[in-house]
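K.L.:
This is the structure, below, for whatever I ask next.
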Amino acid sequence: MRKKLLIHNGNISIGGQEKMLMEFLNILDSKKYEILLLIEENNGKRNDYIDRIPKWIDYKFLTTEEFMNKIEKYQSSKNFLEKLYYSHLLKLKKKISLKELKKYLNFSDIIIDYDMGLLRNLHKINLQNKKIIGWSHAGSGELLKKKQKRENVNKYDCIVTINETMKNGYLKNYNNKEVVKIYNFLDFDLIEKKAEEKLEKDYEKYIISVGSLTENKNHKLLINAFKILKNKYKVSEKLLIAGEGKERENLEKQIKELNLGNDVLLLGQKENPYKYIKNSELYILPSKAEGFSLTLVEAMCLKKMIVSTHNNGSEELVRENKYGVLVENNANEMAEKINYYLENKNERKKYEELGYERAKDFSKENGKKVIEEFIDRL
Numbered sequence: 002m003r004k005k006l007l008i009h010n011g012n013i014s015i016g017g018q019e020k021m022l023m024e025f026l027n028i029l030d031s032k033k034y035e036i037l038l039l040i041e042e043n044n045g046k047r048n049d050y051i052d053r054i055p056k057w058i059d060y061k062f063l064t065t066e067e068f069m070n071k072i073e074k075y076q077s078s079k080n081f082l083e084k085l086y087y088s089h090l091l092k093l094k095k096k097i098s099l100k101e102l103k104k105y106l107n108f109s110d111i112i113i114d115y116d117m118g119l120l121r122n123l124h125k126i127n128l129q130n131k132k133i134i135g136w137s138h139a140g141s142g143e144l145l146k147k148k149q150k151r152e153n154v155n156k157y158d159c160i161v162t163i164n165e166t167m168k169n170g171y172l173k174n175y176n177n178k179e180v181v182k183i184y185n186f187l188d189f190d191l192i193e194k195k196a197e198e199k200l201e202k203d204y205e206k207y208i209i210s211v212g213s214l215t216e217n218k219n220h221k222l223l224i225n226a227f228k229i230l231k232n233k234y235k236v237s238e239k240l241l242i243a244g245e246g247k248e249r250e251n252l253e254k255q256i257k258e259l260n261l262g263n264d265v266l267l268l269g270q271k272e273n274p275y276k277y278i279k280n281s282e283l284y285i286l287p288s289k290a291e292g293f294s295l296t297l298v299e300a301m302c303l304k305k306m307i308v309s310t311h312n313n314g315s316e317e318l319v320r321e322n323k324y325g326v327l328v329e330n331n332a333n334e335m336a337e338k339i340n341y342y343l344e345n346k347n348e349r350k351k352y353e354e355l356g357y358e359r360a361k362d363f364s365k366e367n368g369k370k371v372i373e374e375f376i377d378r379l
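Residues 2 to 379 in my numbering are what the sequence shown lists, from first letter to last.
Here it is, written out as structure tokens:
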């Protein structure tokens with residue numbers, strides 16, 4: 002008899018955590034499990050990963066595409082009344098999602114809250130005789146400010162974290178919880194295959210960063226560092242940034258003010274970032290905070306040297322300069338390190354080989370074994 006799993010996630014648009022959900026679903030054995038995937042947001046054309054959901058897995062959206070379009074319409078409005086209406090829609094979305102969720106709770110006695118999006122509503126759900134797992138992809142297990150959310154964390158039977166820092170944080174702040182660390186993993190064969198595709202144009206030599214254009218991803222720091230690289234070190238390489246987000250306008254303004262329009266290219270969202278990473282000189286991760294950086298491991302898999310900020314996640318992957326180089330949140334230091342490894346190819350080559358070996362720790366095969374062992378004991 003197959004074990005039934007009810008899995009919840011916010012959306013299936015392009016993103017690191019959403020990509021990991023697809024990897025997670027695709028390693029599970031259809032002969033061992035029966036799965037219902039509940040997706041909170043139906044984002045229509047932006048349901049980017051819908052075709053990656055295995056055919057044997059049933060899925061339901063908790064909101065309609067029409068409703069989500071309405072939210073998007075008023076999201077950026079500066080009109081006072083429209084902003085009020087937007088706020089009303091967000092509250093309504095929570096109510097609708099909860100109402101729809103309750104319809105499916107009897108599917109399984111095991112619930113995997115893959116983005117911990119149910120945290121806000123656990124006190125409103127009848128969890129009697131159910132086992133609920135919270136999968137934490139961000140933060141450091143800090144003590145939540147809202148009392149209700151703190152109490153709701155304790156309603157999870159187990160919390161899965163993706164790095165040691167997060168695990169220790171939950172153990173410290175919620176010491177009556179079972180906390181398990183399970184690293185993210187990747188399909189290296191697929192990454193290497195996609196990396197072989199040709200670029201649409203020749204960018205000559207460049208360094209690259211891949212990530213959403215958000216404040217946390219901290220591309221502002223990288224662009225400032227790149228200005229120093231051009232002015233002080235006279236580098237000829239360009240900077241490519243692949244990703245999309247709310248900070249685009251601010252970054253475009255920064256690029257213009259620093260007179261870097263010909264050297265810093267915002268590529269937008271790329272379904273296949275691997276071919277851009279493969280052809281780069283260095284991979285840069287300027288984030289303020291990370292749980293487990295998929296793009297960092299993807300770059301290692303493609304034998305690219307890493308220069309990353311200290312951000313709570315990279316330290317565990319890079320191991321204090323063993324598999325890449327860590328810098329502070331400082332443009333001058335970042336520029337200095339990037340320049341050094343652009344000039345010193347032998348040093349760079351050493352890190353490329355070490356990083357590639359480190360990436361093997363996060364293979365699909367390792368991930369499948371650990372995750373199935375975890376689920377089978379639930």
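Glycine residues also receive a C-beta, built at the ideal position from the N, C-alpha and C atoms.
Note that the structure is a prediction, hence the values are computed from the model and not measured.
#1: Return the CA-CA distance between E73 and S31, expressed in angstroms with no decimal places.
#2: Would you mind sorting H89 into buried or exposed? The rule is 16 or more other CB atoms within 10 Å of its CB.
#3: Please return the same chain residues whose Cβ sits closer than 7 Å to the Cβ of A290, not counting the five positions on each side in sequence.
#4: Might you give, ordered along the chain, the residues of its own chain that have their beta carbon closer than 8 Å to the beta carbon of E258, omitting 5 neighbours on each side?
#5: Does DSSP put D59 in a helix, a strand or coil?
#6: DSSP three-state call for S364: helix, strand or coil?
#7: Alpha carbon to alpha carbon, how far is A332 from Y234? Give it in angstroms, no decimals.
#8: On the three-state DSSP scale, how would you describe Y204?
#9: Leaving out five residues on either side along the sequence, give the residues of the same chain with a beta carbon under 6 Å from the beta carbon of R349.
#10: Where does K4 sit, in a helix, a strand or coil, going by DSSP?
#11: Relative to the alpha-carbon of R47, which residue among H138, G11, W57 and E24 has its alpha-carbon at the smallest distance?
#12: Got a sec, what are the start and stop residues for the beta strand (DSSP E) G269 sits in?
#13: Report the option in E329, V319, V236 and L37 whose CA atom is closest to the CA atom of Y352.
#14: Measuring alpha carbon to alpha carbon, tell me which of V265, G135, L37 and T64 ends up nearest K56.
#15: For V211, tell me which candidate among I58, Y204, N263 and I278 has the shortest Cα-Cα distance.
#16: What are the residues that DSSP puts in a beta bridge with N10?
#17: Could you have a look at G142 and say whether DSSP puts it in helix, strand or coil?
#18: Please check the pair T65 and N43, which I expect to be a contact at CB under 8 Å, by giving their CB distance rounded to whole angstroms.
#19: In or out: D52 buried (at least 16 other Cβ within 10 Å) or exposed?
#20: Please state whether the Cβ-Cβ distance between K323 and Y357 is less than 7 Å.
#21: What residue from K148, N185, G142 and K202 has the CA that sits closest to N176's CA?
#22: Which class does D114 belong to by DSSP, given the choice of helix, strand or coil?
#23: Report the CB separation of F186 from K365 in whole angstroms; it is logged as a contact under 8 Å.
#24: Counting pairs of Cβ atoms below 8 Å between the region 138–153 and the region 281–300, do you hit three or more?
#25: Quick one: residues in its chain with C-beta nearer than 7 Å to the C-beta of I15, no 5 flanking neighbours on either side, listed in chain order?
#26: If you check the beta carbons only, do L230 and A300 fall under 7 Å apart?
#27: When you compare each of I256, Q76, S98 and R121 to Y157 by their alpha carbons, which one comes out closest?
P.N.:
For this structure:
#1: For this step, residue 73 is matched to residue 72 along the sequence shown. For this step, residue 31 is matched to residue 30 along the sequence shown. Taking the straight line joining both Cα atoms gives about 36 Å.
#2: Taking the sequence shown and counting its residues from 1, the one referred to as residue 89 is at position 88. Flag for H89 reads exposed.
#3: On the sequence shown, residue 290 is found 289 positions in, with the first residue counted as 1. Result list for A290: N217, N312 and N313, in chain order.
#4: Walking along the sequence shown from the start, residue 258 turns up at place 257. Counting only Cβ-Cβ distances below 8 Å, and skipping sequence neighbours, we find nothing.
#5: Stepping through the sequence shown from its first residue, residue 59 is reached at position 58. The answer is strand: DSSP assigns D59 an E or B state.
#6: Taking the first residue of the sequence shown as 1, we reach residue 364 at position 363. The answer is strand: DSSP assigns S364 an E or B state.
#7: The residue you call residue 234 lines up with position 233 of the sequence shown. The residue you call residue 332 lines up with position 331 of the sequence shown. If you take the alpha carbons of Y234 and A332, they lie about 13 Å apart.
#8: Reading the sequence shown from its first residue, position 203 is the one you call residue 204. Note: Y204 maps to coil in three-state DSSP.
#9: Within the sequence shown, the letter at position 348 stands for residue 349. So the qualifying residues of the chain are M306 and Y342.
#10: Translated into positions along the sequence shown, residue 4 becomes position 3. DSSP places K4 in strand when its eight states are reduced to three.
#11: For the purposes of this step, residue 47 is identified with residue 46 of the sequence shown, where counting begins at 1. If we check each option's Cα against that of R47, G11 comes out closest.
#12: In the sequence shown, residue 269 corresponds to position 268, counting from 1. V265 to G269 is the span of the beta strand (DSSP E), which, as asked, contains G269.
#13: Locating residue 352 in the sequence shown gives position 351, where the first residue counts as 1. It is V319.
#14: In the sequence shown, residue 56 corresponds to position 55, counting from 1. The candidate whose alpha carbon is nearest that of K56 is L37.
#15: Residue numbering aside, residue 211 sits at position 210 when the sequence shown is read from its first letter. Per the Cα distances, I278.
#16: By one-based count along the sequence shown, residue 10 stands at place 9. N10 is bridged to I40.
#17: As a position in the sequence shown, residue 142 is number 141, starting the count at 1. In this structure, G142 counts as coil in the three-state DSSP scheme.
#18: Position 64 of the sequence shown, counted from the first residue, corresponds to residue 65. Position 42 of the sequence shown, counted from the first residue, corresponds to residue 43. Between N43 and T65 the Cβ distance is about 6 Å, and since that is below 8 Å, they are a contact.
#19: In the sequence shown, counting from the first residue as 1, residue 52 sits at position 51. So D52 ends up on the exposed side.
#20: Your numbering for residue 323 matches position 322 in the sequence shown. Your numbering for residue 357 matches position 356 in the sequence shown. Contact flag unset, no.
#21: Residue numbering aside, residue 176 sits at position 175 when the sequence shown is read from its first letter. Among K148, N185, G142 and K202, the Cα nearest to that of N176 is on G142.
#22: As a first step, residue 114 is located in the sequence shown; it is residue number 113 there, counting from the start. D114: strand per DSSP, three-state reduction.
#23: As a first step, residue 186 is located in the sequence shown; it is residue number 185 there, counting from the start. As a first step, residue 365 is located in the sequence shown; it is residue number 364 there, counting from the start. With a Cβ gap of about 6 Å, F186 and K365 count as contacting.
#24: yes
#25: Looking up residue 15 in the sequence shown gives position 14. The answer, listed in chain order, is D49 and Q270.
#26: Translated into the one-based positions of the sequence shown, residue 230 becomes position 229. Translated into the one-based positions of the sequence shown, residue 300 becomes position 299. Cβ atoms of L230 and A300: not closer than 7 Å.
#27: By one-based count along the sequence shown, residue 157 stands at place 156. Per the Cα distances, R121.
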